[in-house]
Structure formats: C-alpha cells, structure tokens
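Just so you know, the sequences run in chain order A and B.
Everything in the first sequence is counted per the numbering used here, starting at 37 for the first residue and increasing by one.
Everything in the second sequence is counted per the numbering used here, starting at 2 for the first residue and increasing by one.
One structure is given here, and the rest of the page talks about it.
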Amino acid sequence: MRIPPRYTQTAAKLVMGLATLATLAILVFIILFVLEKGLPVVGFKFLLSAPRDMGKAGGIFPVVVGTILLTLVAILIATPLGVGTAIYLTEYTRESRATRIIRFGADCLAGIPSIIFGLFGFIFFVTILQMGWSILSGGLTLAFMILPTIIRTSEEAIKSVPNSYREVSFSLGATRWETVQKVVLPSALPGIVTGVMLGVGRSIGETAAVIFTAGSSLRMPSSLFDSVRTMSVHFYILAREGISTENAYGTAAILVITILLINLTAYGLMNRFVAKNN
Amino acid sequence: MNNAIKIATRDLKAFYGPEQLLMSLNMDIQANQILGIIGPSGSGKTTFLRSLNRLNDLVHGFRIEGSILLDGQDIYHPDFDVVALRKRVGMLFALPVPLPKSIYENVVYGPRLSGIGDWKKLDRLVEASLKSAFIWDEVKDRLGSPAMRLSGGQQQRLCLARILAQEPEVILLDEPCSGLDPISTAKIEEALTILKQKYTIILVTNNTKQAARVADQTAFFLMGSLIEYGPTSDLFTVPQDKRTNDYITGRFG
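Written out as structure tokens, the structure reads:
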C-alpha cells in the first residue's frame with residue numbers, strides 16, 4: 037500500500053524539525069547549565085586576579101593569559117602552514133596519486149585522538165627537543181593537531197572559487213601567484229576563516245594534549261618557554277581533584293563565553309567582508 | 002586603413018588528448034579590423050580564440066603544433082613571455098565575469114598588475130576605459146560599489162572596459178553577446194566599431210547576423226577547419242563554398 041505523498045511530506049518535515057529542535061535544545065541547555073552554575077563567581081575580580089591555594093580561592097588571570105598565548109602560538113603556526121598546503125594542493129598541482137595521498141594523510145591525522153598528539157608532543161618537543169613543558173611545546177602540538185582541519189577547510193574554500201575568476205585574472209596578465217593573492221584568497225577567505233575558527237575552538241577546548249606538553253603551572257608566564265595552564269586544564273584539575281566546584285564552573289562559564297564571543301566576532305567580520313564585495 | 006598583418010597562424014593544429022580540434026589553420030589577420038569567426042558549435046572557434054592568448058595552456062592535455070605569430074613573433078616560442086602576451090591580447094568571455102571587487106577595482110586590475118600605482122593616472126584610465134565601453138554614464142556615481150550588483154549587460158561592458166584599461170593591442174571576444182539583451186548587444190557592437198581604429202578585434206559569434214553587421218572580414222569554421230575566409234560582404238553575398246552558403250542561410254548548424 038502506498039502512503040499518500042502529502043502524509044510523507046508532513047511526516048518528513050515534522051521529523052527533521054524535531055531533530056533540529058532537539059539539537060538546539062541540547063546546545064542551549066548545556067550553555068545555560070554551565071552559565072547558571074558558573075556565573076555567580078564570575079566577575080572582573082575573578083577574571084583579573086591570581087589564583088590562591090591551588091585555585092581554591094582567587095581568580096584565574098594567569099590561566100586566561102596562558103590560554104590566549106597557547107592558542108595564539110598554535111594558530112600562528114598552523115594557519116600559514118595549513119593555508120599554504122591547501123594553496124599548493126589546489127593551485128599548483130594537478131589531481132594525482134601524490135595529492136590524494138597527502139589528502140588521505142591529512143584526513144587520517146584529523147582522526148587521531150588528541151591524547152596521541154599529547155604523547156607525541158611530550159616525547160618529541162618536551163623531551164627530545166628539550167623545550168620542556170612550555171607554551172612553545174604546547175602550541176606546536178596543538179598546531180599539528182588542528183593543521184588537518186585548516187588544510188581541508190581551506191582546500192574546500194579554494195576549490196569553490198569559480199574557475200572563471202582565475203581565467204579572467206590570467207587573461208588580464210596576472211601570474212599564478214598574483215591570481216592566488218588578488219582573486220582566489222579573497223574569495224576563499226570566509227571558508228578559510230571558518231577553518232581557522234574551528235582550530236581556535238579546538239585549541240581552547242583541548243585538555244589531554246595540553247597537560248602533556250604545556251604542563252599545568254599556575255604562575256604567570258614570562259616567556260614562551262614557561263609552563264602554563266589553560267582554562268580547560270584548570271577546569272579539569274579543579275573538578276577532578278575536588279579543589280573547588282564553584283571555581284571550576286566559573287572557569288567553564290568563561291570558556292563558553294570566550295568561544296561564543298570568538299565565533300560571533302568572526303561571523304560578524306565575515307558578513308561585513310562578504311557584503312562589501314557582493 | 003592600414004593592411005598590416007597583426008596575427009598570422011602557420012599550420013596551426015590543436016589537440017586535446019588524442020582528439021584533434023584544429024586542422025592546420027593558415028590565417029593572416031589584419032590590424033585595425035574586426036574579424037568575425039562563425040561556425041556551428043564544436044567547430045573550433047573558441048579553441049582557436051583561446052590559443053591566441055594561450056589561455057588553453059591552463060587546460061591539462063591541451064597541445065598545440067605549428068605557430069601563431071603576433072607582429073611576426075611566435076607566441077608559442079619557449080622564450081615568449083606569456084604574461085606579457087596576455088597584456089597585449091585581451092579577452093572578453095561569453096558570460097560576463099566581474100571579479101568580486103568594486104567597479105573601480107575591476108577596471109584597474111590589469112593596470113595595477115602592470116605596476117601603475119599613481120592614483121591620478123588610474124582615475125584617468127578608469128574614466129577613459131568606461132567611456133570607451135559606453136558604460137561611464139551609468140556607473141560614474143558609484144565606482145566604489147560592487148561590480149556584482151550591475152546588470153548582465155552592464156557587467157559585460159565593464160569587462161570590456163577592464164580589458165581596455167590594460168591597453169592591449171588585440172581584443173578577443175568569445176560570443177560576448179550570447180547572454181545579453183538587444184540594447185546591451187547594440188552598445189557592445191557600437192563600441193567595437195569605434196574601437197577597431199585602435200585595436201585588432203577578433204569576434205567569435207554564434208550569431209551570423211552579428212558578424213554581418215560588424216565584421217570587416219569573416220571566417221567560417223567547420224569541424225576544426227577553416228572553410229572560407231574573406232571580406233564580410235563577399236562571404237555573405239557570394240560564398241565560394243557550398244557549406245558556407247548552407248550555414249549562413251541556416252540550412253545546418
């Protein structure tokens with residue numbers, strides 16, 4: 037027996053709608069839950085003062101600074117490498133066995149659990165290269181962890197730039213590099229920024245890889261060779277060691293707000309950029 | 002008008018993989034004239050045009066034999082500078098392709114690449130180019146707005162202005178009016194008849210009437226071969242080849 041199309045139509049719409057609703061509801065619930073538990077301790081004092089008594093009292097200022105520095109190092113290393121690789125794969129090589137192997141490698145790298153990256157970073161950067169637990173070791177490890185994401189999203193963004201733009205640019209006497217700089221990259225920028233933002237999000241949220249490579253010092257860092265503790269690690273230690281549930285949720289609230297703010301800013305900038313050119 | 006030969010092809014053959022697209026073309030193209038190229042789709046018109054600015058170099062598997070001489074120099078010679086060639090030989094595509102930049106930035110794209118950075122000079126170039134392409138009056142008050150917001154006909158004239166701004170010697174047009182309304186088409190055609198005083202123009206068109214209207218010389222291509230080539234008035238009134246006659250009278254193609 038065949039069900040009349042208008043019933044299947046309605047049913048499909050209903051099921052998809054419910055799926056969307058469930059997703060949104062869970063997201064909103066998590067955010068509200070964390071904020072509800074955390075916001076009471078959050079304030080300028082919490083944000084800008086040093087922790088006392090292992091984080092039981094005081095604020096999280098060195099932790100905030102550590103998170104920012106570590107993420108900055110990771111992004112500053114991963115973005116040029118990742119975007120460069122994506123440009124090379126899409127603009128300077130033809131589809132071949134070699135490019136497929138590189139792409140496959142990047143996909144495999146993206147699927148490796150972060151703790152493996154942490155272990156690698158610990159053995160290679162911390163021990164062999166004797167960088168110690170430091171912002172540099174942690175930043176490099178995170179950079180390698182987010183590199184595949186940046187490569188693949190940038191590659192897709194560059195591929196989606198219409199080929200006619202390249203032809204026009206070449207026909208006006210541009211070289212390959214001039215075309216990449218002036219036409220391809222500006223058009224692919226929204227997609228590339230999305231990839232970088234995903235990388236920022238992963239770096240800020242990462243715990244396992246960071247404990248192994250950047251350590252968990254609560255002191256204010258004075259150079260790239262100092263150990264730091266990121267917000268995620270701080271939250272993990274406060275909660276796991278039962279040091280302070282309130283301050284753990286306070287840290288979590290700031291983490292959530294930070295990621296929201298970063299995404300909103302990137303989204304806003306992108307919209308302005310796209311509106312200006314189209 | 003002077004009858005100097007601007008472009009000459011000698012035994013020109015083009016291949017895409019094992020397939021031969023152009024069959025030994027020998028053509029002399031005169032300066033300061035409009036050459037119209039007509040023929041059914043798949044006859045090699047566009048392949049020929051894209052060989053003249055070596056845009057086909059970008060296509061993997063494309064290969065050329067024989068030679069194309071621009072002012073007597075072989076443009077496929079290994080020492081010939083492709084970038085310089087494309088500055089001398091501009092191309093207008095079938096569909097208008099404004100770059101996602103402002104109107105102004107589109108026009109100065111070529112000049113900037115050539116290293117012109119002086120604002121006053123760029124401003125003058127923009128005004129002169131847009132005027133020659135008959136679009137100045139429509140855009141002069143919004144040079145900073147995105148080129149994508151223009152209508153199709155305006156976009157194509159902007160693309161023509163963009164080519165003029167790079168001060169080329171030859172302009173290639175690949176069915177430039179196929180997507181345009183009659184008024185925009187008329188404006189482009191009017192621009193071309195004036196522009197030929199300064200440039201050598203090669204116009205590929207699917208519209209035989211367009212060739213009859215604007216071209217000085219007309220060439221008829223069929224399956225990669227040049228069937229007939231001569232003054233437009235002769236080709237359309239007393240075609241020498243039966244296939245030319247069949248095509249222009251609409252019996253095939």
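Glycine included, every Cβ here is placed at the ideal spot set by N, Cα and C.
No experiment lies behind these values; they were computed from the predicted model shown.
Is the CB of residue i under 9 Å away from at least one CB in chain B?
i	result
A/Pro-198	yes
A/Leu-221	no
A/Thr-59	no
A/Gly-209	yes
A/Arg-308	no
A/Lys-218	yes
A/Val-229	no
A/Arg-202	yes
A/Ser-205	yes
A/Glu-192	no
A/Glu-214	yes
Pull the bridge partners of residue i from the DSSP assignment, please.
i	result
B/Gly-37	B/Leu-204 and B/Thr-219
B/Gly-231	B/Thr-219
B/Val-171	B/Val-90 and B/Thr-201
B/Ala-9	B/Asp-29 and B/Leu-70
A/Ala-142	Note: A/Ala-142 sits in no beta bridge, so no partner.
A/Gly-94	A/Pro-87
B/Arg-64	B/Phe-16
B/Ser-226	B/Leu-223
B/Asp-75	B/Leu-70
B/Gln-21	B/Phe-16
B/Ser-103	B/Pro-147
Is the CB of residue i under 9 Å away from at least one CB in chain A?
i	result
B/Cys-160	yes
B/Ala-85	yes
B/Arg-64	no
B/Leu-193	no
B/Phe-135	no
B/Gly-154	no
B/Asn-246	no
B/Leu-56	yes
B/Gly-180	no
B/Phe-94	yes
B/Arg-163	yes
B/Gln-167	yes
B/Gly-116	no
B/Gly-91	yes
B/His-61	yes
B/Lys-122	no
B/Lys-88	yes
Mark residue i as exposed unless 16 or more other C-beta atoms lie within 10 angstroms of its C-beta, in which case mark it buried.
i	result
B/Ser-42	exposed
B/Tyr-248	buried
A/Glu-131	exposed
A/Ser-196	exposed
B/Thr-10	buried
B/Glu-258	With chain B covering 2 to 254 only, the question about residue 258 of chain B has no answer from this structure.
A/Arg-202	buried
B/Arg-55	buried
B/Asp-175	buried
A/Trp-213	exposed
A/Arg-265	buried
A/Glu-242	buried
A/Met-256	exposed
A/Glu-191	buried
A/Ala-311	exposed
A/Tyr-43	exposed
A/Ala-114	buried
Of all Cβ atoms in chain D, is any one closer than 9 Å to the Cβ of residue i?
i	result
A/Phe-80	Note that chain D does not occur in the displayed structure, where the protein chains are A and B.
Write down the C-beta distance between residue i and residue j rounded to the nearest angstrom, noting that I regard them as a contact closer than 8 Å.
i	j	result
A/Ser-85	A/Gly-94	5 Å
B/Val-84	B/Ala-162	Not a contact, Cβ separation roughly 21 Å.
A/Ile-182	A/Val-119	Going by Cβ atoms, the distance from A/Ile-182 to A/Val-119 rounds to 12 Å, so no, they are not a contact pair.
A/Leu-291	A/Phe-271	7 Å
B/Gln-34	B/Lys-199	Actually they do not touch by this definition, with Cβ atoms about 12 Å apart.
B/Leu-1	B/Ile-202	No statement about residue 1 of chain B is possible, as the shown extent of chain B runs from 2 to 254 and does not include it.
A/Ala-193	A/Ala-146	About 16 Å separates the two Cβ atoms, so there is no contact after all.
Flag residue i as yes when its Cβ comes closer than 8 Å to any non-hydrogen atom of the ligand FMN, and as no otherwise.
i	result
A/Ser-252	Of the ligands one can find in the structure shown there are none, so the ligand FMN has no counterpart to examine.
> the segment 96–114 of chain B: which residues have C-beta closer than 9 Å to a C-beta of chain A, in chain order?
Replying inline: Look at the segment 96–114 of chain B: the residues with a C-beta under 9 Å from a C-beta of chain A are Leu-96, Val-98, Pro-99, Leu-100, Pro-101, Lys-102, Ser-103, Tyr-110, Gly-111, Arg-113 and Leu-114.
> Between the segment 116–134 of chain A and chain B, which residues of the former have a C-beta closer than 8 Å to a C-beta of the latter?
Replying inline: Within the segment 116–134 of chain A, those residues whose Cβ lies closer than 8 Å to any Cβ of chain B are, in chain order, Arg-130.
>> Short of 7 Å Cβ to Cβ, which residues in the segment 18–50 of chain B face chain A?
In response: Those residues of the segment 18–50 of chain B that come within reach of chain A (Cβ to Cβ, closer than 7 Å) do not exist; the list is empty.
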